[in-house]
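*Asks:* The structure under discussion is supplied below as structure tokens; questions concerning it will follow.
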Amino acid sequence: MPYGQRTKRLQRQFLSLISLGILVTAIVVAISIALPLYQHDRTHHELNLKATAENRALAIHGYLNMTTQLATQVSSRTFARQKLEQYLSKQIRLSDLRALTLPIFADAMSQDSNIIAITRLDHQGNTLIEAGHTIPAALRPVPGDGPANQHLISAPVKIGTETALLIGSKIFNDQQQRIGTDIIAFNSSALTALQHQRQGLTHSETVYIGTLEKDTIKIISFDLNKPTQTLPEQLSHTIKTALRLGLQKDPGTIKGEGAIIAYTRISDSPWALAISAATADLYAPLLRQLSVIALVVFALICLAAAVIINLLRPLTGKMLIHSDELEQQIHQSTTELQRSNRALHTLGSCSNALIHADSEEELLNEMCGILVGVGGYRLAWIGYSQNDENKTVLPMAQAGVESGYLNTLKLNWSEDNEYGCGPVGESIRSGSAVIIRDVENDPRFAPWRGEAHNRDFTSVISLPLLDEGNSFGCLAIYAVEDDAFDGEEVELLTKLSEDLAYGIMNLRARAEREWAEQELADSEECWRSLTENSPDHILTLNSALRIEFINIAPPGLSVEELIGTSILDYIQDPSTRSEVQTKLELALSDGACCSYETEYQPPDGNIIYYESRVAPRFVDEVIVGLT
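The sequence shown stops at residue 629 when you use this note's numbering, and every number in between is there.
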């Protein structure tokens with residue numbers, strides 16, 4: 003064979019082998035990138051769906067807890083309960099009971115517009131009093147006599163033109179004996195909003211609520227004015243299976259035909275919650291990423307083929323050049339994917355910490371620990387901006403290689419000095435993320451360059467913590483990689499800082515609420531102790547000058563027979579009665595304090611002289627009675 007022909011054959015064989023090797027390499031690289039990405043993104047989407055279901059169930063549980071507390075407050079009102087006891091013991095008639103109790107129910111309904119009806123039953127289930135809409139007897143949830151059944155919650159029902167949630171609340175006397183039941187109807191619009199709100203949902207997810215009725219799962223709606231959605235048989239079966247698992251097991255996910263369903267139980271209720279997401283919608287971003295990877299690989303193959311075909315003589319040199327370029331591109335893509343995966347893992351762990359944190363300090367420390375332990379960053383710390391004269395930034399939590407670094411920062415958020423013009427101060431002022439990818443050369447980082455160099459800090463990002471658009475602090479993260487914090491990683495870390503700020507404000511709100519509740523309990527205990535231990539007679543009168551409360555009854559009388567009677571009935575002298583009435587009515591109209599003297603003759607004939615001091619009693623700056 004001529005040399006030229008043999009050379010051409012060798013060249014063709016060589017080029018064919020190179021082409022085959024490039025093709026195989028490209029396929030292997032595509033699979034090695036796409037498969038971990040697919041597995042990770044699938045797990046991440048399922049965990050996010052599960053976390054969203056748990057958050058939504060927690061919100062509904064919070065609303066149910068609020069309504070049951072309101073129901074308990076209605077059932078435990080002392081005056082109404084005492085009147086019920088008097089009726090059951092035949093001391094008063096049913097008409098008197100209704101006349102005395104209906105104003106109390108009306109007051110409860112006016113204080114909370116969500117209460118649309120109250121029906122009071124005796125201990126045998128007979129209807130005594132109805133306020134607001136009529137609640138049909140067949141719909142009334144009456145708790146059993148077991149100690150665990152203080153309340154019974156029904157599925158939403160139609161009351162008049164409104165959809166209502168019915169709660170049955172037991173009524174107990176002072177001896178903790180059951181004397182009746184209150185059936186309280188709450189407008190379910192808030193539950194409807196919780197069920198259908200899109201917060202936390204990113205695709206075409208649907209929220210379902212279900213309960214167990216006669217060993218059958220029933221899907222319920224909080225808005226009966228809208229037609230019930232008809233589901234395909236297979237999807238309906240899968241959703242009911244998920245709801246049954248939610249009632250029986252810990253939160254989880256199952257896969258159905260074309261859907262992924264996360265389920266969980268709604269605490270302290272007979273309901274379970276499920277969120278269904280179409281697989282096609284859930285994995286659409288992932289498929290787009292895989293398509294981009296496939297296009298990149300195809301483009302690289304085409305580029306390599308063109309190089310091989312058109313540059314035969316310098317074949318070896320050109321192949322080495324393009325091999326280096328391909329290796330660099332693969333390394334860059336892999337590095338970016340690793341950073342994105344790291345940020346995704348970090349975001350998932352931080353979301354879990356947000357759910358389980360019991361205090362602000364615990365949340366801050368846990369977040370910093372996750373960023374270093376899971377995210378692999380060199381240092382993470384959280385600081386709060388102070389509104390003092392120097393506008394200092396106070397570190398609150400940190401994790402990683404610190405070694406006294408925070409003590410050297412002298413940070414503030416003022417733009418008038420160099421210590422406030424770094425990434426931390428600038429992010430607090432602007433409310434936006436600030437990134438420095440080269441601390442050795444960036445002039446903004448000059449005051450801290452030496453200390454950062456000693457700890458191998460190469461890149462830093464500062465993310466503001468915002469509350470209603472106002473910065474109250476920052477999250478600072480340090481990395482050892484050059485040019486760290488690419489676009490997708492920054493987006494994920496920004497989402498993390500937003501979640502962190504939201505969690506901080508929620509924990510503060512919860513702490514303030516718990517403090518207020520404790521203050522109220524302490525105030526009530528102080529009032530009870532004062533009235534029980536005072537040797538003086540302490541009374542509260544309503545606007546009709548009738549006695550609502552008295553701690554000590556005068557000789558010959560009892561507290562029970564005084565409640566509900568007019569104080570003027572116990573002033574025997576007509577002129578004194580008229581004078582007292584004038585003073586009390588003036589105090590009710592003008593809000594002025596007054597005093598008067600009266601005498602009372604008990605059955606033993608010994609006259610008792612009383613000096614009374616009177617002050618108006620206000621609710622929301624309106625006089626409602628006297629003390």
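Note that CB positions come from ideal geometry on N, CA and C, so glycine has one too.
Mark Gln400 as exposed unless 16 or more other C-beta atoms lie within 10 angstroms of its C-beta, in which case mark it buried.
*Replies:* Label assigned to Gln400: buried.
*Asks:* Terminal residues of the continuous alpha helix (DSSP H) containing Val561?
*Replies:* Its alpha helix (DSSP H) spans residues Val561 to Leu564.
*Asks:* May I ask which residues mark the beginning and end of the beta strand (DSSP E) holding Leu628?
*Replies:* Residues Val624 to Leu628.
*Asks:* Grab the span of the alpha helix (DSSP H) containing Thr578 for me, first residue to last.
*Replies:* Here the alpha helix (DSSP H) through Thr578 covers Pro576 to Asp592.
*Asks:* What is the DSSP secondary structure of Ser293, counted as helix, strand or coil?
*Replies:* Ser293 falls in the helix class under three-state DSSP.
*Asks:* Any idea what DSSP makes of Val144, helix, strand or coil?
*Replies:* Of the three classes helix, strand and coil, the one that applies to Val144 here is coil, per DSSP.
*Asks:* Please confirm whether Val395 and Leu381 have their CB atoms less than 9 Å apart.
*Replies:* Contact flag unset, no.
*Asks:* Report the CB separation of Val144 from Leu154 in whole angstroms; it is logged as a contact under 8 Å.
*Replies:* Their Cβ separation, rounded to whole angstroms, is 7 Å, which keeps Val144 and Leu154 in contact under 8 Å.
*Asks:* Looking at Val159 and Ile117, is the spacing between their C-beta atoms short of 9 Å?
*Replies:* Contact: no.
*Asks:* Check whether the segment 249 to 265 and the segment 50 to 69 are in contact - that is, three or more C-beta pairs closer than 8 Å.
*Replies:* Judged by Cβ distances under 8 Å, the segment 249 to 265 makes contact with the segment 50 to 69, as three or more pairs qualify.
*Asks:* Provide the residue span of the beta strand (DSSP E) that contains Phe620, from first to last.
*Replies:* That run of the beta strand (DSSP E) goes Pro618 to Val621.
*Asks:* Just curious, the beta strand (DSSP E) that Tyr386 is in, first and last residue?
*Replies:* Per DSSP, Tyr386 belongs to the beta strand (DSSP E) from Leu381 to Ser387.
*Asks:* Between Asn189 and Glu164, how many whole angstroms is the CB-CB distance? I'm expecting something under 8 Å.
*Replies:* Indeed they touch by this definition, with Cβ atoms about 6 Å apart.
*Asks:* Closer than 6 Å by C-beta to Ile256: which residues in its own chain qualify, once you throw out the five before and the five after it? Chain order, please.
*Replies:* Excluding positions up to five away in sequence, the list reads Ala244 and Ile263.
*Asks:* Count the C-beta pairs between the segment 403 to 422 and the segment 496 to 513 that are closer than 8 Å, then say yes if the count reaches three, no if not.
*Replies:* Flag = no, the segment 403 to 422 and the segment 496 to 513 do not touch.
*Asks:* Identify every run of the beta strand (DSSP E) within the segment 406 to 494, keeping only runs that are complete inside it and at least 3 residues long; order them along the chain.
*Replies:* Whole beta strand (DSSP E) segments, 3+ residues: 436 to 438, 461 to 469 and 472 to 481.
*Asks:* Which parts of the segment 171 to 227 are runs of the alpha helix (DSSP H), unbroken and 4 residues or longer, counting only runs that do not cross its ends?
*Replies:* Fully enclosed alpha helix (DSSP H) runs of 4 or longer: 191 to 198.
*Asks:* For Leu123, does the three-state DSSP call read helix, strand or coil?
*Replies:* In the structure shown, Leu123 sits in a strand (DSSP, three-state: E or B).
*Asks:* Suppose the cutoff is 8 Å on Cβ atoms and the five residues either side in sequence are ignored; what does the same chain contact list for Pro556 look like?
*Replies:* Excluding sequence neighbours, Pro556 sits near His539, Tyr572, Tyr602, Pro604 and Ile610.
*Asks:* Assuming Val582 and Thr600 form a contact by the criterion Cβ under 8 Å, report the distance between their Cβ atoms to the nearest whole angstrom.
*Replies:* The Cβ separation is near 7 Å, so the contact holds.
*Asks:* Output yes or no for whether 9 Å exceeds the beta carbon distance between Ala82 and Ile185.
*Replies:* No, the pair does not count as a contact, with Cβ atoms beyond the cut-off.
*Asks:* Is it buried or exposed, Trp517, if we count other Cβ atoms within 10 angstroms and call 16 or more buried?
*Replies:* With fewer than 16 other Cβ atoms within 10 Å, it is exposed.
*Asks:* Would a C-beta distance cut-off of 9 Å place Cys370 and Val426 closer than the cut-off?
*Replies:* No.
*Asks:* Which residues does DSSP pair with Ser278 in a beta bridge?
*Replies:* DSSP, once it has assigned bridges, lists Thr208 and Ile263 as partnering Ser278.
*Asks:* Please report the Cβ distance between Ala187 and Ile161, rounded to the nearest whole angstrom; I am assuming they are in contact, meaning their Cβ atoms lie under 8 Å.
*Replies:* Contact holds; Cβ gap of about 5 Å.
*Asks:* Tell me, to the nearest whole angstrom, how far the beta carbon of Asp485 is from that of Ser461; I am working on the premise that it is less than 8 Å.
*Replies:* The pair is a contact, with the Cβ atoms about 7 Å apart (cut-off 8 Å).
*Asks:* May I ask you to list the residues that DSSP assigns as paired with Arg548?
*Replies:* Partner(s): Ser568.
*Asks:* If Arg122 and Gly170 are in contact, beta carbons under 8 Å, what's the gap, nearest whole angstrom?
*Replies:* Rounded, the Cβ-Cβ distance is 11 Å, inconsistent with contact.
*Asks:* If I follow the unbroken alpha helix (DSSP H) through Pro397, where does it start and stop?
*Replies:* Here Pro397 belongs to no alpha helix (DSSP H); instead the beta strand (DSSP E) covers Val395 to Gly402.
*Asks:* Tell me where the beta strand (DSSP E) around Lys160 begins and ends.
*Replies:* Its beta strand (DSSP E) spans residues Val159 to Ile161.
*Asks:* Quick one: measure Cβ to Cβ for Leu212 and Leu365, integer angstroms, because I've assumed they're closer than 8 Å.
*Replies:* The sequence given here places Gly at residue 212; Leu does not occur at that position. Incorrect: roughly 33 Å between the Cβ atoms, too far for contact.
*Asks:* Count the other CB atoms within 10 Å of the CB of Pro138; is the residue buried (16 or more) or exposed (fewer)?
*Replies:* Classification for Pro138: exposed.
*Asks:* CB-CB under 6 Å to Ile94, same chain, minus the five flanking residues each way: which ones, in chain order?
*Replies:* Same-chain partners within the cutoff: Gln88.
*Asks:* Could you spell out where the beta strand (DSSP E) holding Thr129 opens and where it closes?
*Replies:* Per DSSP, Thr129 belongs to the beta strand (DSSP E) from Thr129 to Gly134.
*Asks:* Give the secondary structure of Glu48 by DSSP, where H, G and I count as helix, E and B as strand, and everything else as coil.
*Replies:* DSSP places Glu48 in helix when its eight states are reduced to three.
*Asks:* Leaving out the 5 sequence neighbours to the left and right, which residues in its chain are closer than 7 Å to Glu521 when beta-carbon positions are compared?
*Replies:* None.
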